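Participant: Take this structure first; my questions come after.
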């Protein structure tokens, strides 16, 4: 019994991490119909940024958290300005390849800035694990779950109950149509980039005490987050969270009951299965457009 | 217009080719220096191996040149970065052999990259001294492939010998799913019987996994006396942390793959009490005076730290040993690759950083049991175990 609880808890923690990253994909996709494959690198920048602010500059956590979020968000804007907007013919495939390039560039830059070794980041609170039903729960896991919950709620309120959020959605539905109605779609795209990068940054911040911060951590996390977003349905906030948690739990149970060798295979098998059986994802919109 | 530009391009190409030939010509005729190739994972995930290896090779080359080279020939090292990637390694080796025309190659840093280039050096008959740990590199023996890093065989034997003394009977294994982990796991399973140890659970983790609690929970169910984790940073540090978090108090044995201060830094408090086999370099100043390696080690550490301002590790020693072994083997060969190979096989009792090397036609690693000592991490530093 205690094993199953432990597997579930490990899975939920990992799943919450995937969910934050998936939220970043979803947010950007909703506003611009663009999949940003540099999302994982924003997570990496969040982690390394937190390491710099906490351990190198000696800032307290309450100051470092917003500072890193802001910096990573700004980087998202810079990416949109320098790499996405100047594209003359914004075909989806061109933009996606640009984000892949940006991801490689950011990784290289991080390697130069922070070095090749991973760095250790202290936990947010005392490290003593909490025991529930014979399973150990790390306080950091609770932090992660809490932050993901808050982000989720905030995002939901933003997109459904604020004018800006609705305007952003309108841009996604029809960019020029929204423009005719007086919505500055360029600014919306920029805001979406800032928010999704900041989300990635927050993801990096909250996971760094568990995963440690290294320049090459973003790729795998980005891919897993993408799987989670596809699994839940790209474009659906709840889908991102459900997909992330489901992926994390399935991975963990797969390790527990089958073999630890197939852990990464699970994510990609799921992605293949969902793409074939239900391309819109578990909670995604029914209509699927392909490019 | 179009025709003219095609013509111009032809002329330019001809000019470039001509210039290239002229440029290379003196190098072909005045080849006095013995050229050695170096291929290390200087950047990328395995840079903790490749970076000190590159520095140590450069240091060894300077040492050899300072004492007058080999039979009067200075040594020149051509070093390429593999980024730990097998494809790039293959390209680098081809370039070293066909373009740079090296007499021998030192590296690569990792087992997968080494295995990728073994067929090439065997076919073209260029001696290669690998700096990787995997036993598959020299077992079965390949005529032109040698290695200086201690094999996992010796590391596993050191761990099991220590366990026997501690009365540990049942172990759980947690190995990374790359060549280093697989080779370590195979040896752990193979040697368990002869030391009277039973492997009760055998788990794996991915090189970039961030949480191993699920695997540890599964191992805990089988109630082992100790856990052996086989991997390179940062995975093993996560394992050490996760064990603390799960409240597991059984001893944790790590592989020599994490025998560097970085592991202590990453695992923090969780590193306390971790036991691992390591080359003697980590505990050089704790060694008894009777150890023949002690003076060699202390000199290497002092020279390395003076030259590069710190950061010495056992990994650099692999390349350092390789270069000095190679220098010994090259004496009197006039740069003949087959003779260098033959001489390497005849080297006996060479005291190096990783141990005392005695090669033979059956042993291309040449190290014995004394290559490893067991250490325990206490108060953030290493303590020699008897």
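Residue numbers (the numbering used here), protein chains in the order written: chain E, 2 to 292; chain V, 683 to 1068. Cβ coordinates follow ideal geometry from the N, Cα and C atoms, glycine included. Just so you know, these numbers come straight off a predicted model, no measurement behind them.
What are the residues that DSSP puts in a beta bridge with residue 957(V)?
Facilitator: 935(V) and 1058(V)
Participant: Considering only residues of the region 19-60 of chain E, which uninterrupted alpha helix (DSSP H) runs meet the minimum length of 4 residues and lie entirely inside it, listed in chain order?
Facilitator: 40-52
Participant: Mind pulling the beta strand (DSSP E) runs of 3 or more residues that sit fully within the region 126-183 of chain E?
Facilitator: 131-133 and 136-138
Participant: Return helix, strand or coil for residue 712(V), following the three-state DSSP convention.
Facilitator: Residue placement at residue 712(V) cannot be trusted, given a pLDDT of 42 that sits under 50; the coordinates are not used to answer.
Participant: Would you verify that the beta carbon of residue 903(V) is, or is not, closer than 9 angstroms to some beta carbon of chain E?
Facilitator: It does: the Cβ of residue 903(V) has a partner Cβ on chain E nearer than 9 angstroms.
Participant: I'd like to know if the region 214-225 of chain E and the region 11-31 of chain E are in contact, where contact means that at least 3 CB-CB pairs between them fall below 8 angstroms.
Facilitator: yes
Participant: Measure the C-alpha to C-alpha separation of residue 243(E) and residue 273(E) and round it to an integer number of angstroms.
Facilitator: 17 angstroms
Participant: Does the beta-carbon of residue 102(E) have 16 or more other beta-carbons within 10 angstroms, so that it is buried, or is it exposed?
Facilitator: Under this definition residue 102(E) is an exposed residue.
Participant: For chain V, find out if any of its Cβ atoms is closer than 9 angstroms to the Cβ of residue 145(E); answer yes or no.
Facilitator: no
Participant: Under 9 angstroms, Cβ to Cβ, is there at least one residue of chain V near residue 139(E)?
Facilitator: yes
Participant: Using three-state DSSP, classify residue 269(E) as helix, strand or coil.
Facilitator: helix
Participant: Counting along the chain, where does the beta strand (DSSP E) carrying residue 787(V) start and finish?
Facilitator: 786-788
Participant: If the criterion is Cβ atoms closer than 9 angstroms, does the pair residue 766(V) and residue 720(V) meet it?
Facilitator: Contact annotation: residue 766(V) and residue 720(V) have beta-carbon atoms that are not nearer than 9 angstroms.
Participant: Can you check the region 181-223 of chain E for any beta strand (DSSP E) of at least 3 residues that lies completely inside it and give the ranges in chain order?
Facilitator: none
Participant: Hey, quick one: how far does the alpha helix (DSSP H) through residue 883(V) stretch, first residue to last?
Facilitator: That residue, residue 883(V), is in no alpha helix (DSSP H); its beta strand (DSSP E) goes 880-887.
Participant: Compute the Euclidean distance between the alpha carbons of residue 1050(V) and residue 1038(V), then round it to the nearest angstrom.
Facilitator: Straight through space, the alpha carbons of residue 1038(V) and residue 1050(V) are spaced by roughly 7 angstroms.
Participant: Do residue 106(E) and residue 76(E) count as a contact pair if the criterion is CB distance below 9 angstroms?
Facilitator: no
Participant: What residue ranges within the region 971-1016 of chain V form continuous alpha helix (DSSP H) runs of no fewer than 4 residues, ordered along the chain?
Facilitator: 975-990 and 996-1012
Participant: Given that a residue counts as buried once 16 or more other Cβ atoms are within 10 Å of its Cβ, and exposed if not, what is residue 164(E)?
Facilitator: exposed
Participant: What residues of chain V sit near residue 241(E), judged by a beta carbon separation below 7 angstroms?
Facilitator: What residue 241(E) touches in chain V: nothing, since even the nearest Cβ is about 19 angstroms away.
Participant: Cβ of residue 207(E) within 9 angstroms of Cβ of residue 258(E)?
Facilitator: no
Participant: Starting from residue 758(V), follow its DSSP beta bridges and name the residues at the other end.
Facilitator: DSSP lists 717(V) as partners of residue 758(V).
Participant: In terms of alpha-carbon separation, which member of 739(V), 811(V) and 948(V) lies closest to residue 797(V)?
Facilitator: 811(V)
Participant: Please say whether residue 1001(V) and residue 829(V) have beta carbons closer to each other than 9 angstroms?
Facilitator: no
Participant: Starting from the beta carbon of residue 335(E), find every residue of chain V whose beta carbon is closer than 9 angstroms, and list them in chain order.
Facilitator: A query on residue 335(E) cannot be resolved here, the shown segment of chain E reaching from 2 to 292 and no further.
Participant: Is there a C-beta anywhere in chain V that falls below 9 angstroms from the one on residue 8(E)?
Facilitator: yes
Participant: What does residue 112(E) reach in chain V if we use C-beta pairs closer than 8 angstroms?
Facilitator: 725
Participant: In chain E, which residues lie with their C-beta within 8 angstroms of the C-beta of residue 763(V)?
Facilitator: In chain order: nothing, as chain E lies at least about 12 angstroms away.
Participant: Which partner residues does residue 791(V) have in the DSSP bridge list?
Facilitator: According to DSSP, residue 791(V) bridges with nothing at all.
Participant: Considering only residues of the same chain and omitting the five flanking positions on each side of residue 762(V), which have a CB-CB separation below 6 angstroms?
Facilitator: 721 and 774
Participant: For residue 872(V) versus residue 883(V), is the C-beta spacing smaller than 9 angstroms?
Facilitator: Contact: no.
Participant: Give, in chain order, every residue of the region 60-91 of chain E whose Cβ lies closer than 7 angstroms to some Cβ of chain V.
Facilitator: none
Participant: Answer yes or no: do residue 807(V) and residue 826(V) have a C-beta to C-beta separation smaller than 9 angstroms?
Facilitator: yes
Participant: Nearer than 8 angstroms: is that true of the beta carbon of residue 1036(V) relative to any heavy atom of the ligand GTP?
Facilitator: Absence of the ligand GTP from the depicted structure is noted, as is the absence of any ligand whatsoever, leaving it without description.
Participant: Tell me where the alpha helix (DSSP H) around residue 743(V) begins and ends.
Facilitator: 729-748
Participant: Look up residue 855(V) in the DSSP assignment and say whether it is helix, strand or coil.
Facilitator: strand
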